[in-house]
Amino acid sequence: MLILVTEMDQHTASAKAEVVTSASGSSYGSLALAIAAIGVLSFIILRQLAKHPKQSRHYNMATSETASAVERPVTETELSKAKGENDQPIYVGVKDPFSDKVTIFDVTSSKQFYGPGGPYHVFAGKNATHGLATSTTDADKVTGDLSDLTESQKDTHMQWHAKYSSKYPVVGYLVADGATTTEETESIVTDNTESKKDV
Numbered sequence: 001m002l003i004l005v006t007e008m009d010q011h012t013a014s015a016k017a018e019v020v021t022s023a024s025g026s027s028y029g030s031l032a033l034a035i036a037a038i039g040v041l042s043f044i045i046l047r048q049l050a051k052h053p054k055q056s057r058h059y060n061m062a063t064s065e066t067a068s069a070v071e072r073p074v075t076e077t078e079l080s081k082a083k084g085e086n087d088q089p090i091y092v093g094v095k096d097p098f099s100d101k102v103t104i105f106d107v108t109s110s111k112q113f114y115g116p117g118g119p120y121h122v123f124a125g126k127n128a129t130h131g132l133a134t135s136t137t138d139a140d141k142v143t144g145d146l147s148d149l150t151e152s153q154k155d156t157h158m159q160w161h162a163k164y165s166s167k168y169p170v171v172g173y174l175v176a177d178g179a180t181t182t183e184e185t186e187s188i189v190t191d192n193t194e195s196k197k198d199v
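Mapping of the sequence shown onto the UniProt record's numbering: position 174 corresponds to residue 174, and the numbering continues sequentially without gaps.
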């Protein structure tokens, strides 16, 4: 009987050892699979990150190039002619929400939208801040006083300015016609309801 118990204990111990070995084998298999998955994900993430610095450098170069262009004043008359007609460029003015300046963007690359016959041609050659903020393409309401904008419209205005800033090159900033001195050049027209400055 003692011999039988010893044989059973040895058999049980052997069975337990097999179970532990197979369990640890499946654990190692799962661990290897997890490590492989992490490796693949790391490769994909690193590959994507490697692409972004190139885009960042391109964006920074574009930003620095447009930063120097911001100093160029664009008169109301010059802006009004930039509607994409007769091979002219297409400019749209949008007031900078953080200053009194109206930034002039060159949207010629999207002439299918802003050019003659396009759905947003009404914004071409104008300070379109009011129309963008109020989400209207009504020609009579594209320009107007910005002081009565609601908070929601001010937020919409900020979003449009950010979108244009990220997508289109800056030509300069809007000035009143006839601005010749430095002081007059710094006098920016913030909406089209303002009377023109007499020089």
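For each residue, glycine too, the CB sits at the ideal point set by N, CA and C.
| Under 7 Å between C-beta atoms of valine 171 and alanine 128 | no
| query | Just reading off the beta strand (DSSP E) that aspartate 106 is part of, what are its end residues? | reply | 102–106
| field | Beta-ladder partner(s) of isoleucine 90, from DSSP | value | Lys83
| request: Go ahead and pull the three-state DSSP assignment for glycine 172. | output: strand
| CA-CA distance, serine 140 and alanine 37? | The identity of residue 140 in the sequence shown is aspartate, whereas the question assumes serine. Those two C-alpha atoms are separated by around 59 Å.
| What did DSSP end up calling valine 142 once you bin it into helix, strand or coil? | coil
| message | Only counting the same chain, and skipping five residues up and downstream in sequence, which positions put a Cβ closer than 6 Å to that of histidine 161? | response | Val94 and Pro97
| said: Quick check: the Cα distance between valine 74 and alanine 176, rounded to an integer number of angstroms? | reply: 8 Å
| task | Identify which residue in Val107, Tyr114 and Ser80 has its Cα closest to the Cα of lysine 167. | result | Val107
| said: Considering only their Cβ atoms, is the gap separating lysine 101 from tyrosine 173 smaller than 7 Å? | reply: yes
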